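Numbers 8 to 339, taken from the working numbering, label the letters of the sequence shown in order. Yeah, the Cβ is synthetic: ideal placement off N, Cα and C, and Gly gets one too. All values derive from a computational prediction rather than experimental measurement. First up is the structure itself, then whatever we jot down about it.
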Amino acid sequence: MSTIKAAITAIGGYVPDYILTNQILETMVDTNDEWITTRTGIKERRILKDKNKGTSFLAIQAAKDLFKKNNTDPKDIDMVIMATATPDMPIAVTGAYVATQIGAINAFSYDLIAACSSFLFGMSVAAKYIESGHHKKVLLIGADKMSSIINYEDRATCIIFGDGAAAVLFEQNTEGLGIQDEYLRTDGAGRPHLKIDAGGSLLPASVETVAKKQHFVFQDGKTVFKFAVSKMADVCEKILKQNNLKGSDLDWFVPHQANKRIIDASAKRLGLPDSKVMINIHKYGNTTSATLPLCLWDYEKQLKKGDNLVFASFGGGFTWGAIYLKWAYDSN
Ligand code: UT7
Numbered sequence: 008m009s010t011i012k013a014a015i016t017a018i019g020g021y022v023p024d025y026i027l028t029n030q031i032l033e034t035m036v037d038t039n040d041e042w043i044t045t046r047t048g049i050k051e052r053r054i055l056k057d058k059n060k061g062t063s064f065l066a067i068q069a070a071k072d073l074f075k076k077n078n079t080d081p082k083d084i085d086m087v088i089m090a091t092a093t094p095d096m097p098i099a100v101t102g103a104y105v106a107t108q109i110g111a112i113n114a115f116s117y118d119l120i121a122a123c124s125s126f127l128f129g130m131s132v133a134a135k136y137i138e139s140g141h142h143k144k145v146l147l148i149g150a151d152k153m154s155s156i157i158n159y160e161d162r163a164t165c166i167i168f169g170d171g172a173a174a175v176l177f178e179q180n181t182e183g184l185g186i187q188d189e190y191l192r193t194d195g196a197g198r199p200h201l202k203i204d205a206g207g208s209l210l211p212a213s214v215e216t217v218a219k220k221q222h223f224v225f226q227d228g229k230t231v232f233k234f235a236v237s238k239m240a241d242v243c244e245k246i247l248k249q250n251n252l253k254g255s256d257l258d259w260f261v262p263h264q265a266n267k268r269i270i271d272a273s274a275k276r277l278g279l280p281d282s283k284v285m286i287n288i289h290k291y292g293n294t295t296s297a298t299l300p301l302c303l304w305d306y307e308k309q310l311k312k313g314d315n316l317v318f319a320s321f322g323g324g325f326t327w328g329a330i331y332l333k334w335a336y337d338s339n
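Encoded structure:
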């Protein structure tokens with residue numbers, strides 16, 4: 008009997024219309040286009056302006072885009088994994104709401120929260136359900152409304168993040184295509200460096216936490232940068248070694264879009280030319296759980312059946328890792 012692998016068979020995406028440019032940010036905080044561009048690679052990001060819409064709205068649009076392109080019947084989906092750092096609300100699972108709204112009425116769903124590694128870890132989880140043989144179609148959505156947790160008076164964070172969503176469908180593959188290997192890591196020592204202090208069980212919301220702006224993202228950028236550069240490059244090297252691959256065997260590197268300098272450092276360690284590195288940070292910024300699938304959404308037409316892809320991420324927690332996947336279809 009041939010082994011079942013978990014292959015990506017469709018992609019959908021969505022970014023809101025409103026474009027927050029570096030020039031607009033110059034009018035909001037003490038920053039400038041030159042600083043943002045050279046330090047991060049970001050030129051603009053998308054923001055969901057409608058205050059009555061949460062992350063679920065972004066996720067639903069991405070899933071609908073996937074269904075439109077792929078002709079999948081939502082009723083055939085067994086499971087919806089909602090990778091996000093900004094669920095609509097605590098307790099009521101955002102993925103469950105999204106699944107119902109998109110007509111995935113035969114699916115079960117839950118939210119997977121691992122900061123900027125939510126989607127990467129979600130790929131690993133989706134693969135396990137598919138590889139077990141019990142599930143045939145798993146929809147993994149990466150979505151975040153980062154603007155809901157960003158302080159637009161804090162120049163250390165507001166220049167970085169954006170809103171967006173993208174979804175991928177995982178299906179069984181018996182041709183050896185799909186997820187080949189993974190190397191995932193966490194280290195709780197990273198907690199002080201990238202976090203939201205209040206609103207959880209440790210420091211519930213109060214008048215004081217709101218006054219102190221403790222419901223917004225705090226990032227010690229320098230420390231996170233240092234870890235991200237070395238850890239992301241380490242796991243990329245490790246995943247190649249585990250699979251007896253050289254950088255030249257890769258067709259695409261799909262890195263978390265947190266900072267162009269971190270991406271460049273990892274690509275350099277892999278010995279990859281720019282032409283093999285997926286980049287869209289300049290137009291979306293850091294969309295947290297959506298960065299990896301939005302890369303696939305943007306580059307889908309260039310992907311060919313059998314292409315070797317390495318995905319890598321680094322995020323709060325700390326959480327990080329790399330996944331090696333063989334692409335399963337030609338888009339054209
Ligand atoms: O996705 C989750 C994981 N997150 C990451 O991987 C992000 C990792 N960190 C980073 O990407 C970078 O650390 C940042 C982009 C956040 C910051 O870049 P940096 O090169 O580490 O800058 P810095 O924090 O060391 O600040 C350098 C200088 C400081 O001024 P002084 O002390 O040298 O006078 C800052 O006050 O730049 C100043 N600065 C700014 N200037 C203009 C900080 N933010 C800004 C800004 N505009 N927005």
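- The count of Cβ pairs closer than 8 Å, one atom from the segment 55-73 and one from the segment 152-162, reaches three, so the stretches are in contact.
- Our two residues, K311 and Y336, have alpha carbons roughly 6 Å apart in a direct line.
- Where G169 is concerned, there is no enclosing alpha helix (DSSP H), because DSSP gives it neither an H nor an E.
- If only complete runs of 3 or more residues are kept, the segment 190-215 shows no beta strand (DSSP E) anywhere.
- In the DSSP annotation of this structure, F232 is not part of any beta strand (DSSP E); the continuous alpha helix (DSSP H) holding it starts and ends at 228-249.
- By the Cβ rule, the segment 78-87 counts as touching the segment 101-109, because three or more pairs are nearer than 8 Å.
- The Cβ neighbour count for I186, taken over all protein chains shown within 10 Å, is at least 16; the residue is labelled buried.
- Considering only K60, K50, L127, the residue with the shortest C-alpha distance to I88 is L127.
- Rounded to whole angstroms, the Cβ separation of H263 and S338 is 23 Å, and the two are not in contact under 8 Å.
- With a cutoff of 7 Å on beta-carbon distance, G20 and W304 are scored as near each other.
- Placement of the Cβ of K229 at a distance of less than 6 Å from at least one heavy atom of ligand 1 is found.
- In this chain, the beta strand (DSSP E) harbouring M86 covers 86-90.
- Boundaries of the alpha helix (DSSP H) around N29: 29-33.
- G129: member of the alpha helix (DSSP H) spanning 125-138, first to last residue.
- In the DSSP assignment, R53 is bridged to I26.
- Sequence-distant partners of N77 (beyond 5 residues in either direction) whose C-beta falls short of 8 Å from its own C-beta, in its chain, are T16, A17, G19, L176.
- Taking the Cβ of T38 as the reference point, at least one heavy atom of ligand 1 falls within a distance shorter than 6 Å.
- Taking a contact as a CB-CB distance under 8 Å, the pair G171 and A90 does not count as one, their CB atoms being some 12 Å apart.
- Set against 6 Å, the gap from the CB of G102 to the closest heavy atom of ligand 1 is not smaller.
- Here A272 is not near V231, since their CB atoms are 7 Å or more apart.
- Residue side-chain check: W334 keeps its Cβ at 6 Å or more from all non-hydrogen atoms of ligand 1.
- Per DSSP, the unbroken beta strand (DSSP E) holding T326 starts and ends at 326-333.
- By the neighbour-count criterion, in which 16 or more other beta carbons inside 10 Å mark a residue as buried, H141 falls on the exposed side.
- Taking 6 Å as the cut-off, the C-beta of W327 does not count as close to any heavy atom of ligand 1.
- With a threshold of 6 Å, the Cβ atom of N250 does not count as near ligand 1, since no heavy atom of the ligand is closer than that.
- Around the C-beta of A99, fewer than 16 other C-beta atoms lie within 10 Å, and the residue is accordingly described as exposed.
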